[in-house]
Amino acid sequence: MDIRPHVIRAVFKRNFVSYFSGVIGYLFIVLFVGAGAIWAFSPEFFANNLATMDQLNRKFPWLLLFIVPAITMTCWAEEKKQGTDELLFTLPGTDLEILLGKYLAVLAIYTVAILYSLLFCGFGVLTYLTYGNFDKGLLVSNFIGYWLAGGALLAAGMLASVLT
Numbered sequence: 000m001d002i003r004p005h006v007i008r009a010v011f012k013r014n015f016v017s018y019f020s021g022v023i024g025y026l027f028i029v030l031f032v033g034a035g036a037i038w039a040f041s042p043e044f045f046a047n048n049l050a051t052m053d054q055l056n057r058k059f060p061w062l063l064l065f066i067v068p069a070i071t072m073t074c075w076a077e078e079k080k081q082g083t084d085e086l087l088f089t090l091p092g093t094d095l096e097i098l099l100g101k102y103l104a105v106l107a108i109y110t111v112a113i114l115y116s117l118l119f120c121g122f123g124v125l126t127y128l129t130y131g132n133f134d135k136g137l138l139v140s141n142f143i144g145y146w147l148a149g150g151a152l153l154a155a156g157m158l159a160s161v162l163t
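Each residue of the sequence shown is one higher than the one before, starting from 0 at the first, in numbering that gives the first Met the number 0.
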């Protein structure tokens, strides 16, 4: 079975652009970065006087649990509602190619949100570096873990969108 990248790219582009033609893509990024920033630099962070991300690691799964469905709930349900799912499956592409295109689109949006939050967290770390030592490896490995956990939840959210 050959996977044709041009089909995946076409589905990806259509979905990625559709998220940002409305409010959902922007709202997702703002809510994700805002909630992550509030939890990363909560008063507990400064009260402990430790440069760790423990408070964010405890709360981040909850953030993913409530924010990730906002991006995935429209993935397939909107196609069914508008009747474009029939058109989508008549394209000269396999189900796997269509699924990969849609998944990569939501993963790209999630990746943009993670990169923005890493950038925001990076500014906080630069400020904190003047007052103490911060483990950069911990920061990077945490965000890689957040990205992987989010990718798994995006797949689960897409499955839930198909089933509704």
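For each residue, glycine too, the CB sits at the ideal point set by N, CA and C.
Environment of residue i [buried if 16+ CB atoms lie within 10 Å]
| i | result |
| --- | --- |
| Asn-48 | exposed |
| Trp-61 | exposed |
| Ser-160 | buried |
| Ile-7 | buried |
| Leu-55 | buried |
| Ala-46 | exposed |
| Leu-95 | exposed |
| Lys-101 | buried |
| Gly-136 | exposed |
Reference residue i; option with closest CA among the options
| i | options | result |
| --- | --- | --- |
| Phe-59 | Leu-147, Gly-156 and Val-161 | Leu-147 |
| Leu-117 | Ala-36, Glu-43 and Thr-163 | Ala-36 |
| Gly-21 | Leu-158, His-5, Thr-73 and Pro-91 | Thr-73 |
| Leu-63 | Leu-153, Leu-162 and Thr-163 | Leu-153 |
| Phe-65 | Glu-85, Thr-83, Ala-34 and Gly-82 | Ala-34 |
| Ile-2 | Pro-42, Asp-134, Leu-99 and Leu-103 | Leu-99 |
| Thr-163 | Lys-12, Glu-85, Lys-80 and Pro-42 | Lys-80 |
| Thr-83 | Leu-158, Arg-13, Pro-4 and His-5 | Arg-13 |
Cβ shell of residue i (< 8 Å), same chain only, five flanking positions each side left out
| i | result |
| --- | --- |
| Ile-28 | Ile-108, Val-111, Ala-112 and Tyr-115 |
| Trp-38 | Gln-54, Leu-55, Lys-58, Phe-59 and Leu-62 |
Beta carbon of residue i nearer than 8 Å to that of residue j
| i | j | result |
| --- | --- | --- |
| Val-32 | Gly-156 | no |
| Val-10 | Ile-97 | yes |
| Gly-144 | Leu-106 | no |
| Leu-90 | Glu-78 | no |
| Ala-76 | Phe-15 | no |
| Leu-158 | Met-52 | no |
Contacting residues, own chain, Cβ-Cβ under 6 Å from residue i (five flanking each side not counted)
| i | result |
| --- | --- |
| Gly-24 | Tyr-18 and Ile-108 |
| His-5 | none |
| Gly-92 | Val-6 |
| Asn-141 | Met-52 |
Proximal residues to residue i (C-beta, below 7 Å), its chain only, five neighbours per side dropped
| i | result |
| --- | --- |
| Ser-41 | Gln-54 |
| Leu-30 | Ile-66 |
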